[in-house]
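**Q** Pasting a structure below so you can have a look.
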Amino acid sequence: MADEMEFGSSAGNTMGVELELQILNTRDFNLARDADDLLDLVEKTEHVGAVKPEITESMIEVNSSIHERHDTLLAELRGIRDAVSGAAQRLNLRVTGGGSHPFHKWTERRIYPTDRFKHLLDLYGYLAKQFTIFGQHIHLGCPSGDDALYLLHMLSRYVPHFIALSASSPFQQGEDTAYQSSRLNTVSAFPLSGQAPFVHAWGDFAAYFHKMRDLQIVESMKDFYWDIRPKPEYGTVEIRVLDTPLTVERAALLAAYAQALAHYFLSTRPREPLRDVYLFYSYNRFQACRYGLSGIIADAYTQQRVELKQDIVTMLSQLAPHAQELGSTAALEELTDLVRAQRTDAGWLRTVFAAHGTMNDVARLQSDLWMGRDAGVLPVNGNGA
Amino acid sequence: MPLSFLPTLPLPASPLVLFGVLLIAGHIGGELVYRITSLPRITGYVLVGMLLGASGLKLLTPELMGIANVFVDIALGLVLFELGRRLDFKWLRHDPWLLVTGLVESALSFGFVFFALAYFGVDPVYAAAAAAIGVATSPAIVLLVARELGAEGQITERTLALTAINSVISFVMVTMMLSWIHSQYRANWYTVFLHPVYLLLGSAALGFVANHIAKVLARWLRKHERHHFMLLLGLIIITVGCATVFKLSVVLALLAFGVMVRNLDERHDLMAVDMSQVEEMFFVVLFVVGGANLHISDLLAGSVLAAAFIIARFIGKSLGVLTLTWFSGVRRRHAALLCMGLVPMSGFAVTMMQSAMAEHPEFGSKLGSIVLAAVVVLELIGPLMIQFALRRAGESGVELPDGR
Numbered sequence: 145m146a147d148e149m150e151f152g153s154s155a156g157n158t159m160g161v162e163l164e165l166q167i168l169n170t171r172d173f174n175l176a177r178d179a180d181d182l183l184d185l186v187e188k189t190e191h192v193g194a195v196k197p198e199i200t201e202s203m204i205e206v207n208s209s210i211h212e213r214h215d216t217l218l219a220e221l222r223g224i225r226d227a228v229s230g231a232a233q234r235l236n237l238r239v240t241g242g243g244s245h246p247f248h249k250w251t252e253r254r255i256y257p258t259d260r261f262k263h264l265l266d267l268y269g270y271l272a273k274q275f276t277i278f279g280q281h282i283h284l285g286c287p288s289g290d291d292a293l294y295l296l297h298m299l300s301r302y303v304p305h306f307i308a309l310s311a312s313s314p315f316q317q318g319e320d321t322a323y324q325s326s327r328l329n330t331v332s333a334f335p336l337s338g339q340a341p342f343v344h345a346w347g348d349f350a351a352y353f354h355k356m357r358d359l360q361i362v363e364s365m366k367d368f369y370w371d372i373r374p375k376p377e378y379g380t381v382e383i384r385v386l387d388t389p390l391t392v393e394r395a396a397l398l399a400a401y402a403q404a405l406a407h408y409f410l411s412t413r414p415r416e417p418l419r420d421v422y423l424f425y426s427y428n429r430f431q432a433c434r435y436g437l438s439g440i441i442a443d444a445y446t447q448q449r450v451e452l453k454q455d456i457v458t459m460l461s462q463l464a465p466h467a468q469e470l471g472s473t474a475a476l477e478e479l480t481d482l483v484r485a486q487r488t489d490a491g492w493l494r495t496v497f498a499a500h501g502t503m504n505d506v507a508r509l510q511s512d513l514w515m516g517r518d519a520g521v522l523p524v525n526g527n528g529a
Numbered sequence: 204m205p206l207s208f209l210p211t212l213p214l215p216a217s218p219l220v221l222f223g224v225l226l227i228a229g230h231i232g233g234e235l236v237y238r239i240t241s242l243p244r245i246t247g248y249v250l251v252g253m254l255l256g257a258s259g260l261k262l263l264t265p266e267l268m269g270i271a272n273v274f275v276d277i278a279l280g281l282v283l284f285e286l287g288r289r290l291d292f293k294w295l296r297h298d299p300w301l302l303v304t305g306l307v308e309s310a311l312s313f314g315f316v317f318f319a320l321a322y323f324g325v326d327p328v329y330a331a332a333a334a335a336i337g338v339a340t341s342p343a344i345v346l347l348v349a350r351e352l353g354a355e356g357q358i359t360e361r362t363l364a365l366t367a368i369n370s371v372i373s374f375v376m377v378t379m380m381l382s383w384i385h386s387q388y389r390a391n392w393y394t395v396f397l398h399p400v401y402l403l404l405g406s407a408a409l410g411f412v413a414n415h416i417a418k419v420l421a422r423w424l425r426k427h428e429r430h431h432f433m434l435l436l437g438l439i440i441i442t443v444g445c446a447t448v449f450k451l452s453v454v455l456a457l458l459a460f461g462v463m464v465r466n467l468d469e470r471h472d473l474m475a476v477d478m479s480q481v482e483e484m485f486f487v488v489l490f491v492v493g494g495a496n497l498h499i500s501d502l503l504a505g506s507v508l509a510a511a512f513i514i515a516r517f518i519g520k521s522l523g524v525l526t527l528t529w530f531s532g533v534r535r536r537h538a539a540l541l542c543m544g545l546v547p548m549s550g551f552a553v554t555m556m557q558s559a560m561a562e563h564p565e566f567g568s569k570l571g572s573i574v575l576a577a578v579v580v581l582e583l584i585g586p587l588m589i590q591f592a593l594r595r596a597g598e599s600g601v602e603l604p605d606g607r
């Protein structure tokens, strides 16, 4: 079975996005259980790329195709959003982004009935149901497996950026968690979460994988719940730490940022992987989850402490020439403005809660925002906490 | 009289004792049925009612049933309010075929039942009245079974929506029918015209006022589950009372209230509070009383008509659902389950019609002889049908061994 670990090369500037979405009822805006019917109707009515089931019946996953430009990616994501929203409305359902549902109870969740998901419930018990959290995954194309590992180790330094920029899970089970992204705490509970091993040649990585598989620790790459993971069959590196943002617009901006980073690292190879990155990794990740843009991280390359907001703005300006080459200058400028103004999705959600007082209203308004309706309370990405 | 502080015989009937006894007897019956057969608990409530009522031990005398009426009214009010809250006009806008399905299945079931009864020689007036009653699916049965299963999903929601639609249609038809029947008994022309208008508009207005008060008070009380629970419960009971006082329809007024709470709350002032605990209490009493009203002897007397009624009603409803839900994107297998979900029927429409025609008792008893046999059957098999449909659709909240 060497085939499965053969790295399918892809162009260095390509990207693709997967978004896990929440399905809500329209009565109290709790999670619904209609993934099956929604998938069926979407497939019947429109052709919008891949729409798939996820681990519980309250989730679906939508995938973009492969893109080289931010604007085409955004257009496709908007198309998918509209198609899914339209189908949902016919079933009296709502769809929304956000990394967590503000008040659902995990005990009420039901596993989507496929063999794999039933196996996961069997294996992980209650963790499987608590895994009703919603992330954005960004795939970045790499010419070779060695490139993929290089890019993976480079991106590890920037994991806190993606956490802070996408954070949209301040609420869990009806409570304010005090985190900007509480979703990743749930991921951390899984035994195979964490980071890829510090290896640099694809052959070494494949050897690692085979060792794990021979010992029956994993069956496939899917069993690793790493923050960043190579995906050999696509020829990509997949960033998995992001919460699903509240809008497809932000999802596309974040993909453009990742694409520019990948282009910068793969085309200029500015530095070598550093083990210290992983020494500070958990601390930096926690800072981003807990404090978002205000978090302070330790930089392994400069051995300095730096505020995430400043670190992101610095990196974004450094990427300007690459953005120009990729046609995403406007996108990165927009992202810079959002960071400077401290506009985050988690902040928006907290502001809505403060203004309306119930989690039901939060869920309702976040789905208004996702489905492209006028949420009527605040400007998109409104300021807050 | 030195012992005048002692109670005198015969002891007076106490509504409180009655309520408590109905509650406990019903609950125990439901639990027994559930443990022994895993049938819906409702079936147990109805059986207990039959046991205590006219077909059984005759402990529930007509006098006691009269006392129980106030509980039945509250229970019906809660059911209809809950059903109204489930009817989302936005959904009907996004999926107009759902509304069309509701209209067509109602029309077809009316037509089929009317002609079937007429074929068996029933007088057209009675055939029409019976058919109008048969249009409605029992909201209480559907709601209660769905809740017992913790069911959620398209079949659950669509069954409830169609039930809401066919209940409104049935009620409007029954009201119009009443005026037509009044004209048969040579009532004044203005009674014929004004009575249904008064019932419809008056009940809607009552619901509107209740909704308005709910919104104003909710804004003042602020958003808290406990506040809204008390507020809605109080208003529901007041609305039931007012409907009785103003000789309006409890059913229609509370349905209007529920629909308006869901659809005329632009600012989202009202929370979708869960009132199931209180509701369940009244629902048990509702079904025990419903069971006590059933007469086994009706079943034997009217078996042919009952069969005609049940089959014609099922065909009419199914024809409408099977042909039209396809346009809503409902899968064919699921459409069949939806047809089963619409089967339940309960006797309260008949009771209401009889009481509305109280001044013409011979009408009531003749109508009863036509439909009550069918009611006995549908009140007993209805819960089984909806339970089967929701389980088979995979919408039960209880995970079965195969994961569905």
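In order, the protein sequence lines correspond to chains B and P.
For the first sequence, the numbering used here begins at 145 and goes up steadily by one.
For the second sequence, the numbering used here begins at 204 and goes up steadily by one.
Just so you know, even glycine gets a beta-carbon here, dropped at the ideal spot from N, CA and C.
Since this is a predicted model, take the numbers as computed values, not measurements.
Against residue 531 (chain P), what residues of chain B qualify as contacts under a CB-to-CB distance less than 8 Å, listed in chain order?
**A** Per Cβ cutoff of 8 Å: 234.
**Q** With distances taken Cα to Cα, identify the nearest neighbour of residue 476 (chain P) among P:208, P:502, P:289.
**A** When only C-alpha atoms are compared, the closest one is P:289.
**Q** For residue 356 (chain B), which residues from the same chain have a beta carbon less than 6 Å from its beta carbon, with the 5 sequence-adjacent residues on both sides left out?
**A** Only 362 meet the Cβ criterion.
**Q** Ends of the alpha helix (DSSP H) at residue 251 (chain B)?
**A** Run containing residue 251 (chain B): none; DSSP gives neither H nor E here.
**Q** Please state whether the Cβ-Cβ distance between residue 312 (chain P) and residue 470 (chain P) is less than 8 Å.
**A** No, the pair does not count as a contact, with Cβ atoms beyond the cut-off.
**Q** 8 Å is my cut-off, CB to CB: does residue 474 (chain P) come that close to chain B?
**A** Yes, residue 474 (chain P) counts as interfacial toward chain B.
**Q** Using alpha carbons as the reference points, say which of B:414, B:403, B:483 lies closest to residue 437 (chain B).
**A** Cα-wise, what sits closest to residue 437 (chain B) is B:483.
**Q** Less than 8 Å separating the beta-carbons of residue 402 (chain B) and residue 282 (chain B)?
**A** Yes, they are a contact pair.
**Q** Given this structure, state the Cα-to-Cα distance separating residue 162 (chain B) from residue 489 (chain B), to the nearest angstrom.
**A** Using only the alpha carbons, I get a separation of about 18 Å.
**Q** Could you tell me the distance, in whole angstroms, from the CA atom of residue 373 (chain P) to the CA atom of residue 339 (chain P)?
**A** Those two C-alpha atoms are separated by around 5 Å.
**Q** Taking buried to mean at least 16 other C-beta atoms within 10 Å of its own C-beta, is residue 604 (chain P) buried or exposed?
**A** With a pLDDT of 43 at residue 604 (chain P), under the threshold of 50, the modelled position of that residue is not reliable, and the figure given next carries that caveat. When all chains shown are included, residue 604 (chain P) counts as exposed.
**Q** Is the beta carbon of residue 300 (chain P) sitting closer than 8 Å to the one on residue 364 (chain P)?
**A** No, the pair does not count as a contact, with Cβ atoms beyond the cut-off.
**Q** 8 Å is my cut-off, CB to CB: does residue 357 (chain P) come that close to chain B?
**A** Interface residue, yes.
**Q** Is residue 501 (chain B) close to chain P, meaning its C-beta is less than 8 Å from at least one C-beta of that chain?
**A** Output row for residue 501 (chain B): interface = yes.
**Q** Quick one: measure Cβ to Cβ for residue 202 (chain B) and residue 167 (chain B), integer angstroms, because I've assumed they're closer than 8 Å.
**A** Confirmed, about 5 Å.
**Q** Cβ closer than 7 Å: which chain P residues qualify as neighbours of residue 171 (chain B)?
**A** Simply 475.
**Q** Give me the Cα-Cα distance between residue 453 (chain B) and residue 321 (chain B), rounded to the nearest whole angstrom.
**A** C-alpha separation (whole angstroms): 21 Å.
**Q** What is the DSSP secondary structure of residue 422 (chain B), counted as helix, strand or coil?
**A** Here residue 422 (chain B) sits in helix by DSSP.
**Q** Quick one: complete alpha helix (DSSP H) runs, 4+ long, within the stretch 417-491 of chain B?
**A** 420-423, 425-435, 452-462, 464-470, 473-484, all fully within the stretch 417-491 of chain B.
**Q** Closer than 9 Å, Cβ to Cβ, to anything on chain B: give me those residues from the stretch 401-433 of chain P, in chain order.
**A** Here the close residues are 425, 426, 427, 428.
**Q** Within 10 angstroms of its Cβ, does residue 564 (chain P) collect 16 or more other Cβ (buried), or is it exposed?
**A** By the neighbour-count rule (16 or more Cβ atoms within 10 Å), residue 564 (chain P) is not buried but exposed.
**Q** According to the neighbour-count rule (16 or more other Cβ atoms, all chains shown, within 10 Å of its Cβ), is residue 317 (chain P) buried or exposed?
**A** Answer is buried; the Cβ neighbour count reaches 16.
**Q** So, does the CB of residue 508 (chain B) fall closer than 8 Å to a CB anywhere in chain P?
**A** By this cut-off, residue 508 (chain B) is an interface position.
**Q** Tell whether a beta-carbon distance below 8 Å holds between residue 553 (chain P) and residue 575 (chain P).
**A** The answer is yes: Cβ separation under 8 Å.
**Q** Examine chain P for any beta-carbon lying closer than 8 Å to the beta-carbon of residue 504 (chain B), and answer yes or no.
**A** Answer yes: the Cβ-Cβ gap between residue 504 (chain B) and chain P drops below 8 Å somewhere.
**Q** Tell me which residues of the stretch 161-189 of chain B have at least one Cβ-Cβ distance to chain P shorter than 7 Å, keeping chain order.
**A** Listed by position along the chain: 170, 171, 172, 176, 177, 178, 181, 184, 185, 188.
**Q** When you compare the CB positions of residue 358 (chain P) and residue 511 (chain P), do they come within less than 8 Å of one another, or not?
**A** Cβ distance not < 8 Å, so residue 358 (chain P) and residue 511 (chain P) don't count as in contact.
**Q** Could you tell me the alpha carbon to alpha carbon distance between residue 447 (chain B) and residue 241 (chain B), rounded to whole angstroms?
**A** Approximately 36 Å between the Cα atoms of the pair.
**Q** What did DSSP end up calling residue 167 (chain B) once you bin it into helix, strand or coil?
**A** It is a strand residue.
**Q** Using 8 Å for Cβ pairs, my map puts residue 488 (chain P) next to residue 229 (chain P). What's the rounded Cβ distance?
**A** With 8 Å as the limit, residue 488 (chain P) and residue 229 (chain P) qualify as a contact, their Cβ atoms being about 7 Å apart.
**Q** Does the ligand NAP have even one heavy atom less than 7 Å from the beta-carbon of residue 470 (chain P)?
**A** Here there are no bound small molecules, and the ligand NAP is not part of this structure.
**Q** Just to confirm the assignment, what range does the beta strand (DSSP E) spanning residue 344 (chain B) have?
**A** It is not in any beta strand (DSSP E) - residue 344 (chain B) carries neither H nor E in the DSSP assignment.
**Q** If we cut at 8 Å on Cβ distances, does residue 534 (chain P) have a partner in chain B?
**A** At least one chain B Cβ lies under 8 Å of residue 534 (chain P).
**Q** For residue 291 (chain P) and chain B, any beta-carbon pair shorter than 8 Å?
**A** Interface residue, yes.
**Q** Do we get a CB-CB distance below 8 Å when we pair residue 360 (chain P) with the residues of chain B?
**A** True, the Cβ-Cβ gap to chain B drops below 8 Å.
**Q** The beta strand (DSSP E) spanning residue 367 (chain B) covers which residue range?
**A** Note, residue 367 (chain B): premise wrong, no beta strand (DSSP E); not H, not E.
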